[in-house]
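Okay, structure first, notes after.
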Amino acid sequence: MSKPQRNTKARDPGLDVRLPKETCTDTKCPFHGHLKVRGQILEGVVVSTKMQNTVVVERTLLHYVPKYERYEKRKSRYMVHAPPCLKVTDGKRVRMAETRPIAKNVSFVLVENLGEASVQVKGEEEVKT
Ligand SMILES: [Zn+2]
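Pasting the structure below:
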């Protein structure tokens, strides 16, 4: 009974994100494809867009070391599927959501482009310029 999905209208994936203005034909897009998201939602900065439809997102987080009563900086990198409608480039701050495994090392998908990564510090994360 369901009507075939038209690519002109974005499907709401059930997240608190802005829907992309652009449209795309990517079947692995949470807005215009069939990809379901569940699990963690993380923020990071795009550091590489050399792969096809996949970007590398880096998070910087502070880990407390009790012995020295100080924080050490830690980094983690994620390979994240990037639907073309979000139009991300290097240095953009993005929000990603966990999804089913899309490839061997890809189980997150970008859900929001938060714009240029600035020097703002938000929560436990620090943004690199
Ligand atoms: Zn899309």
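Residue numbers for the sequence shown follow this note's numbering, beginning at 25 and rising by one.
The C-beta atom is built at its ideal place from N, Cα and C for all residues, glycine as well.
In this text the structure is predicted, and so the values were computed from the model without any measurement.
Indicate the three-state DSSP secondary structure (helix, strand or coil) for LEU59 in the structure shown.
-> coil
Ordered along the chain, which non-local residues of its own chain (more than five positions away) have a Cβ less than 8 Å from that of VAL130?
-> THR78, MET103, VAL104, HIS105
Have a look at ARG42 and LYS91 and give me their C-alpha separation to the nearest angstrom.
-> Rounded to whole angstroms, ARG42 to LYS91 spans 42 Å at the Cα level.
Could you check which residue in HIS87, ALA34, GLU96, PRO54 has the C-alpha nearest to that of LYS168?
-> As displayed, the chain neither begins before 25 nor continues past 153, which places residue 168 out of reach and without an answer.
Return the chain-ordered list of same chain residues with a C-beta closer than 7 Å to the C-beta of GLU136, the five sequence neighbours on each side being excluded.
-> VAL41, ARG42, VAL118, ARG119
List the endpoints of the continuous beta strand (DSSP E) containing GLU122.
-> 116 to 127
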